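Remarks on the structure that follows.
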Amino acid sequence: MTETKEAPLRKMKSLSAEKIADIARESGIVGAGGAGFPTYVKLQSKAEIFLVNAAECEPMLKVDQQLMVSHACELIQGIRYGMKATGAKEGIIALKAKYKKAIATLTPLLTDNIRIHILPDVYPAGDEVITIWLATGRRVPPAQIPISIGVVVNNVQTLINLAKAIDEEKPVTHRTLTINGAVNKPMTLTVPIGTKMSELIELAGGCTVDHPEFINGGPMMGKYISDIDAPVTKTTGGILVFPREHLLIQRRLKTDQQIIAMAKTVCEQCRLCTDLCPRHIIGHELSPHELVKSMSYKQFAKPSTLLSALTCSECSVCESYACPVEISPMRINQILKGELRAQKAKYEGEIEPQDPMAEHRLVPIGRLVKRLNLLPYYHEAPMVEPLWQPEFVSIPLQQHIGAPSVPVVSVGDDVEAGDCIAKAAPDALSVAQHASITGTITEVDTKVITMRRG
Ligand code: SF4
Ligand code: SF4
1 MTETKEAPLR KMKSLSAEKI ADIARESGIV GAGGAGFPTY VKLQSKAEIF LVNAAECEPM
61 LKVDQQLMVS HACELIQGIR YGMKATGAKE GIIALKAKYK KAIATLTPLL TDNIRIHILP
121 DVYPAGDEVI TIWLATGRRV PPAQIPISIG VVVNNVQTLI NLAKAIDEEK PVTHRTLTIN
181 GAVNKPMTLT VPIGTKMSEL IELAGGCTVD HPEFINGGPM MGKYISDIDA PVTKTTGGIL
241 VFPREHLLIQ RRLKTDQQII AMAKTVCEQC RLCTDLCPRH IIGHELSPHE LVKSMSYKQF
301 AKPSTLLSAL TCSECSVCES YACPVEISPM RINQILKGEL RAQKAKYEGE IEPQDPMAEH
361 RLVPIGRLVK RLNLLPYYHE APMVEPLWQP EFVSIPLQQH IGAPSVPVVS VGDDVEAGDC
421 IAKAAPDALS VAQHASITGT ITEVDTKVIT MRRG
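Position 395 of the sequence shown, counted from 1, bears residue number 395 in the numbering used here, the numbering being contiguous throughout.
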């Protein structure tokens, strides 16, 4: 995914809305922003606004801002197919003013019904609920999804994948991601899905610290990587490297018991976590300081207070920025969510008036970078070629929300890159998987299909 194109708008294929959604399912397209929600489901809904979330507000990730330059035509084409499928009358690309090259490349390609919206350089401008609010003024009620207010949101890479699937009949076989932090050559590159993450660390010149640890995704929402030999998937946005003593690693290594003990003994009930909670400021009931208090006193002013933990986006503002005493309301919410989901509990509260100071309570990226001590590890990570060609790939059958894909190949089969190796599970939320290299199938089990280049 690294060629640069300056072609005019492509001719669109004449397809029904149903056919566009079918192609998305069979091509294995899922939300590339991290959640992995199957895109065909969003394309089956009817929307007023088709919003592209191009905020990329996690510091250190440099994927979307570069893809919008190298693949501007495909992005616009993906939006047009998405608007055709959903019937949306308006398309909006929500990005930041600092993505100057992307704005300059996209602007000549905009059509009458597709526009750019400039977001402030704040976190979490890329939380889709916040992106919608900033770009349209609409507020998604708690525990609802964007379509409940007429909006469908998709990520940049997702829509590029949609255009490639329709116009070039190419399914999802590769992922563009950033390798950043304590590595010798920070870079953004495109690799076959199933490549070992450890190979990419080598490709980036190896680590610059003695005891490296790794995060899958951005510094705020990314997950600790316990096995660096795990494969890149359709939702791997980046691999960040930090020394073991870095606060981002140390926080992730704390046990639930440590988190609960801190909440019980150290919380000052200062409310800063609630005052800066992005969901709270737009009118959601979620009040992290109340949920932290619940660790000590199992009493709530309203029964819905506890259930509101289910509406936490896990953006980490409360943990990484707001709390002055190192408590993690987000982890408390994760613990509560686990218990509540096991009980099949649901949150049903209404949206309330937003904080009059809401727009001023989002976190400026510059301050976040300093607070997280990211400056020594924050690099531009330019897009590089050529494409990486691994000897082996391990393609998970579940890279998406829903049911795992069903293998259609056996050990010893020879397949070409792009061939379907697992179909979408029938009558379930699911997508297909495809060979990301040309070679031979070496292993098939209930979780993964492994291939050797050949
Ligand atoms: S910011 Fe920290 S100390 Fe203040 S209420 Fe929230 S968890 Fe407690
Ligand atoms: S992680 Fe914290 S700040 Fe973010 S939505 Fe959840 S409670 Fe609010």
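Backbone N, C-alpha and C fix where the C-beta goes; we use that ideal spot for every residue, glycine too.
Remember, it's a predicted structure, so these values are computed and weren't measured experimentally.
Cβ-heavy atom distance, residue i to ligand 1, below 7 Å
i, result
"Ile327", "yes"
"Pro317", "The residue you asked about is not Pro; residue 317 is Val in the sequence shown. Result no, Cβ not under 7 Å from ligand 1."
"His284", "no"
"Cys277", "no"
"Leu272", "yes"
"His117", "no"
"Val369", "no"
"Gln269", "yes"
"Pro59", "no"
"Val292", "yes"
"His360", "no"
"Pro146", "no"
Span of the alpha helix (DSSP H), counted from its first residue to its last, around residue i
i, result
"Cys273", "Leu272 to Asp275"
"Gly366", "Ile365 to Arg371"
"Ala135", "Glu128 to Thr136"
"Arg251", "Leu247 to Leu253"
"Met330", "Pro329 to Ala342"
"Leu307", "Ser304 to Leu307"
"Glu314", "That residue, Glu314, is in no alpha helix (DSSP H); it is neither H nor E in DSSP."
"Ile49", "It is not in any alpha helix (DSSP H) - Ile49 instead sits in the beta strand (DSSP E) that spans Ile49 to Asn53."
Range of the contiguous beta strand (DSSP E) that encloses residue i
i, result
"Met83", "Careful: Met83 lies outside any beta strand (DSSP E), inside the alpha helix (DSSP H) at Ala72 to Thr86."
"Asn161", "Not the beta strand (DSSP E): Asn161 falls in the alpha helix (DSSP H), residues Val156 to Asp167."
"Ser394", "Phe392 to Pro396"
"Leu9", "Note, Leu9: premise wrong, no beta strand (DSSP E); not H, not E."
"Ala422", "Cys420 to Lys423"
"Lys223", "Lys223 to Ile225"
Closer than 7 Å: residue i CB and nearest ligand 2 heavy atom
i, result
"Glu314", "yes"
"Pro324", "no"
"Pro186", "no"
"His280", "yes"
"Met357", "no"
"Met330", "yes"
"Asn154", "no"
"Pro142", "no"
"Pro364", "no"
"Asn333", "yes"
"Pro243", "no"
"Pro219", "no"
"Pro192", "no"
"Pro288", "yes"
Collapsed DSSP secondary structure at residue i in the structure displayed
i, result
"Tyr40", "helix"
"Gly238", "strand"
"Val448", "strand"
"Tyr321", "helix"
"Tyr377", "helix"
"Gly181", "strand"
"Thr265", "helix"
"Arg175", "strand"
"Thr4", "Since pLDDT at Thr4 reaches only 41, below the 50 mark, its modelled position is unreliable, and the value read off the structure follows with that caveat. Three-state DSSP puts Thr4 in coil, outside helix and strand."
"Thr440", "strand"
"Ile282", "coil"
"Asp414", "strand"
"Lys19", "helix"
"Thr111", "coil"
"Gln144", "coil"
"Gly454", "coil"
"Lys89", "coil"
"Gln66", "helix"
"Leu189", "strand"
"Gln433", "strand"
"Leu61", "coil"
"Val292", "helix"
"Lys100", "helix"
"Met383", "strand"
contact_flag[the stretch 196 to 209, the stretch 32 to 41] where n(CB pairs < 8 Å) is 3 or more: No: fewer than three Cβ pairs fall under 8 Å.
Contact between the stretch 404 to 416 and the stretch 276 to 294 is defined here as three or more beta-carbon pairs at a separation below 8 Å; is this criterion met? No, they do not touch.
Are the stretch 201 to 209 and the stretch 179 to 186 touching, with three or more C-beta to C-beta distances below 8 Å? Yes, since at least three Cβ pairs between the stretch 201 to 209 and the stretch 179 to 186 fall closer than 8 Å, the two stretches touch.
Would you be able to state if there are at least three C-beta pairs under 8 Å between the stretch 230 to 239 and the stretch 139 to 151? Taking 8 Å as the limit for Cβ pairs, the verdict is that the stretch 230 to 239 does not touch the stretch 139 to 151.
Check whether the stretch 250 to 268 touches the stretch 184 to 193, counting contact only when three or more Cβ pairs, one atom from each stretch, lie closer than 8 Å. Short answer: they don't touch.
Would the stretch 68 to 76 and the stretch 126 to 135 be scored as touching if the rule is three or more Cβ pairs under 8 Å? The stretch 68 to 76 vs the stretch 126 to 135: no contact.
At least 3 beta-carbon pairs within less than 8 Å: the stretch 343 to 360 vs the stretch 312 to 330: No, the stretch 343 to 360 does not touch the stretch 312 to 330.
Would you be able to state if there are at least three C-beta pairs under 8 Å between the stretch 157 to 169 and the stretch 366 to 374? Touching, no, given that fewer than three Cβ pairs across the two stretches are closer than 8 Å.
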